[in-house]
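Asker:
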Amino acid sequence: MQRKGKKKTMFLIAAVLAAVLVFSAFALSQKLSVQRYVLSTEKLGSPVRLAIVADLHSTLYGESQDELIAAILQESPDAVLFVGDIVDDGLSEEPVRFLFEALSPQCPCFYVSGNHEYWSGRYSAIKAMISGCGVTVLEGEAAPLVINGQELCIAGVDDPEFWGGYSAYGGYDVPAEWLTQLKACGEAAAKSGAYSVLLSHRPELVDIYRGSGFDLVVSGHAHGGQVRIPGLVNGLFAPCQGWFPQYAGGAYALGSTTLVVSRGLCRNELPRVFNRPELVIVILSPET
Ligand SMILES: [Fe+2]
Numbered sequence: 003m004q005r006k007g008k009k010k011t012m013f014l015i016a017a018v019l020a021a022v023l024v025f026s027a028f029a030l031s032q033k034l035s036v037q038r039y040v041l042s043t044e045k046l047g048s049p050v051r052l053a054i055v056a057d058l059h060s061t062l063y064g065e066s067q068d069e070l071i072a073a074i075l076q077e078s079p080d081a082v083l084f085v086g087d088i089v090d091d092g093l094s095e096e097p098v099r100f101l102f103e104a105l106s107p108q109c110p111c112f113y114v115s116g117n118h119e120y121w122s123g124r125y126s127a128i129k130a131m132i133s134g135c136g137v138t139v140l141e142g143e144a145a146p147l148v149i150n151g152q153e154l155c156i157a158g159v160d161d162p163e164f165w166g167g168y169s170a171y172g173g174y175d176v177p178a179e180w181l182t183q184l185k186a187c188g189e190a191a192a193k194s195g196a197y198s199v200l201l202s203h204r205p206e207l208v209d210i211y212r213g214s215g216f217d218l219v220v221s222g223h224a225h226g227g228q229v230r231i232p233g234l235v236n237g238l239f240a241p242c243q244g245w246f247p248q249y250a251g252g253a254y255a256l257g258s259t260t261l262v263v264s265r266g267l268c269r270n271e272l273p274r275v276f277n278r279p280e281l282v283i284v285i286l287s288p289e290t
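Residues are numbered in my numbering as their position in the sequence shown, beginning at 1, plus a constant of 2.
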């Protein structure tokens with residue numbers, strides 16, 4: 003009788019352990035995911051697909067970035083937008099070079115800096131490497147992108163931290179130099195009259211993006227708030243937003259501007275909980 007009870011307890015412990023293991027594997031999965039957003043616009047006559055790569059932090063996906071390159075190309079993007087912290091300040095830029103070298107000959111690529119590239123202290127060398135791979139580096143300027151005979155305006159600003167705009171919990175003063183870059187981008191976008199996209203590493207500057215005139219702003223930086231509880235908490239903490247960040251990942255309507263925030267691709271640092279690294283695909287769809 004006693005032996006039967008002991009067996010039952012052992013079975014129960016094993017079952018609980020197995021459940022914990024399965025749950026942990028699911029919750030802590032770092033498998034690459036693809037998040038797609040469809041945005042409609044009357045400014046385009048045929049669909050445009052934009053791949054958003056954010057916060058890679060020099061993470062290597064397979065040998066020579068094969069896994070990430072394949073995932074991006076499988077989505078047949080018309081352009082790839084790199085929105086900062088692609089290189090980590092404490093790691094080599096070599097894993098990133100693989101990505102730029104493979105993608106740049108395939109489709110137009112655009113890049114803006116993040117705070118970690120600034121913190122590396124070697125931004126000039128990083129920038130030279132990136133532009134040397136054929137990627138357009140945007141620093142307060144705009145460039146035209148022609149897809150299927152239709153023009154888009156792709157603009158980009160540096161990370162505000164270049165001039166001291168950073169605070170873990172937010173509430174920092176936005177540097178005048180950053181606002182000057184943004185103004186130049188806005189003027190170029192307005193002049194083009196085309197569907198306009200702003201690449202800006204920081205998602206928390208929503209009050210500035212709202213009413214900025216851009217059709218789309220793409221950001222990263224928040225890493226999905228690191229810890230998520232599906233359906234309940236969209237992120238526990240994000241730099242420059244603090245606890246329970248409002249803009250940790252997703253698509254947000256800011257008047258006539260849509261802000262898309264990538265949860266990023268980093269899997270080097272803190273554990274991600276219910277927060278798999280994500281490649282974001284934005285599909286711009288003509289309004290019918
Ligand atoms: Fe960042």
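Heads up, the beta-carbon is just placed ideally off N, CA and C, and yes, glycines get one too.
Cys-155 to Ala-196, Cα distance in whole Å?
Answerer: If you number the sequence shown from 1, residue 155 lands on position 153. If you number the sequence shown from 1, residue 196 lands on position 194. Using only the alpha carbons, I get a separation of about 6 Å.
Asker: Taking only heavy atoms of ligand 1 into account, decide whether any of them is closer than 8 Å to the Cβ of Gly-123.
Answerer: Residue 123 sits at position 121 when you count from the first residue of the sequence shown. Checking every heavy atom of ligand 1 against the Cβ of Gly-123, none is found closer than 8 Å.
Asker: Quick check: the Cα distance between Gln-248 and Trp-121, rounded to an integer number of angstroms?
Answerer: Residue 248 sits at position 246 when you count from the first residue of the sequence shown. Residue 121 sits at position 119 when you count from the first residue of the sequence shown. About 25 Å.
Asker: Identify, in the order they occur along the chain, each residue of the same chain with its Cβ nearer than 7 Å to the Cβ of Ile-71, setting aside the five sequence neighbours on each side.
Answerer: Along the sequence shown, one-based indexing puts residue 71 at 69. Cβ neighbours of Ile-71 beyond the five flanking positions: Leu-101, Ala-104, Leu-105.
Asker: How is the alpha helix (DSSP H) around Ala-186 delimited, first residue to last?
Answerer: Residue mapping note: residue 186 aligns to position 184 of the sequence shown, counting from 1. Segment 178-194, the alpha helix (DSSP H) holding Ala-186.
Asker: Look up Gly-142 in the DSSP assignment and say whether it is helix, strand or coil.
Answerer: Numbered from its first residue, the sequence shown carries residue 142 at position 140. Three-state result, Gly-142: coil.
Asker: State yes or no: is the C-beta of Leu-52 within less than 9 Å of the C-beta of Ile-285?
Answerer: Along the sequence shown, one-based indexing puts residue 52 at 50. Along the sequence shown, one-based indexing puts residue 285 at 283. Taking 9 Å as the Cβ cut-off, Leu-52 and Ile-285 qualify as a contacting pair.
Asker: What does the alpha-carbon distance come out to for the pair Val-22 and Ala-56?
Answerer: Stepping through the sequence shown from its first residue, residue 22 is reached at position 20. Stepping through the sequence shown from its first residue, residue 56 is reached at position 54. Cα-Cα distance, rounded: 31 Å.
Asker: In terms of DSSP beta bridges, what is Ala-81 paired with?
Answerer: Walking along the sequence shown from the start, residue 81 turns up at place 79. Its beta-bridge partners are Leu-52.
Asker: Are the beta-carbon atoms of Pro-232 and Leu-34 separated by less than 9 Å?
Answerer: In the sequence shown, residue 232 corresponds to position 230, counting from 1. In the sequence shown, residue 34 corresponds to position 32, counting from 1. No, the pair does not count as a contact, with Cβ atoms beyond the cut-off.
Asker: Please name the residue, chosen from Ala-81, Ile-283, Thr-61, that lies closest to Asn-150 on a Cα-to-Cα basis.
Answerer: Within the sequence shown, residue 150 is the residue found at index 148, counting from 1. Per the Cα distances, Ala-81.
Asker: Would you mind reading off the limits of the beta strand (DSSP E) that contains Pro-97?
Answerer: If you number the sequence shown from 1, residue 97 lands on position 95. Careful: Pro-97 lies outside any beta strand (DSSP E), inside the alpha helix (DSSP H) at 96-105.
Asker: Just to confirm, is the Cβ distance from Val-282 to Val-229 under 9 Å?
Answerer: Looking up residue 282 in the sequence shown gives position 280. Looking up residue 229 in the sequence shown gives position 227. No; because the gap between Cβ atoms is not below 9 Å, this pair is not in contact.
Asker: Give me the pocket residues for ligand 1, defined as CB within less than 5 Å of any heavy atom, sorted by chain position.
Answerer: Residues flagged by the Cβ proximity filter: Asp-87, Gly-116, Asn-117, His-223.
Asker: What residues match up with Trp-245 in a beta bridge as DSSP calls it?
Answerer: As a position in the sequence shown, residue 245 is number 243, starting the count at 1. Paired residue(s): Phe-239.
Asker: From the DSSP output, in three-state form, read off Trp-158 for me.
Answerer: For this step, residue 158 is matched to residue 156 along the sequence shown. Just to set this straight, residue 158 is Gly in the shown sequence, not Trp. Note: Gly-158 maps to strand in three-state DSSP.
Asker: Got a sec? Which residues, its chain only, sit under 7 Å from Gly-257 by beta carbon, not counting five neighbours each side?
Answerer: To locate residue 257, count along the sequence shown from 1; it is residue 255. Cβ within range, chain order: Arg-212, Gly-213.
Asker: Could you name the residues of the same chain whose beta carbon sits closer than 6 Å to that of Asp-217, not counting the 5 residues immediately before and after it, in chain order?
Answerer: Looking up residue 217 in the sequence shown gives position 215. Excluding residues within five positions, the ones whose Cβ falls inside 6 Å are Tyr-197, Ser-198.
Asker: Should Gly-244 and Tyr-125 be called a contact, given that it needs their Cβ atoms to be closer than 9 Å?
Answerer: Counted from its first residue, the sequence shown places residue 244 at position 242. Counted from its first residue, the sequence shown places residue 125 at position 123. Their beta carbons are not under 9 Å apart, which means Gly-244 does not touch Tyr-125 by this criterion.
Asker: Taking 9 Å as the cut-off, decide whether the C-beta atoms of Asp-175 and Gly-167 are in contact.
Answerer: Walking along the sequence shown from the start, residue 175 turns up at place 173. Walking along the sequence shown from the start, residue 167 turns up at place 165. Yes. Within cutoff.
Asker: Rounding to the nearest angstrom, what Cα-Cα distance links Met-12 and Phe-276 in this structure?
Answerer: Within the sequence shown, residue 12 is the residue found at index 10, counting from 1. Within the sequence shown, residue 276 is the residue found at index 274, counting from 1. C-alpha separation (whole angstroms): 30 Å.
Asker: Just to confirm my understanding: we take Ser-42, look at its own chain, exclude 5 residues before and 5 after, and list those with CB closer than 6 Å. What are they?
Answerer: Position 40 of the sequence shown holds residue 42. Contacts found: Ser-287, Glu-289.
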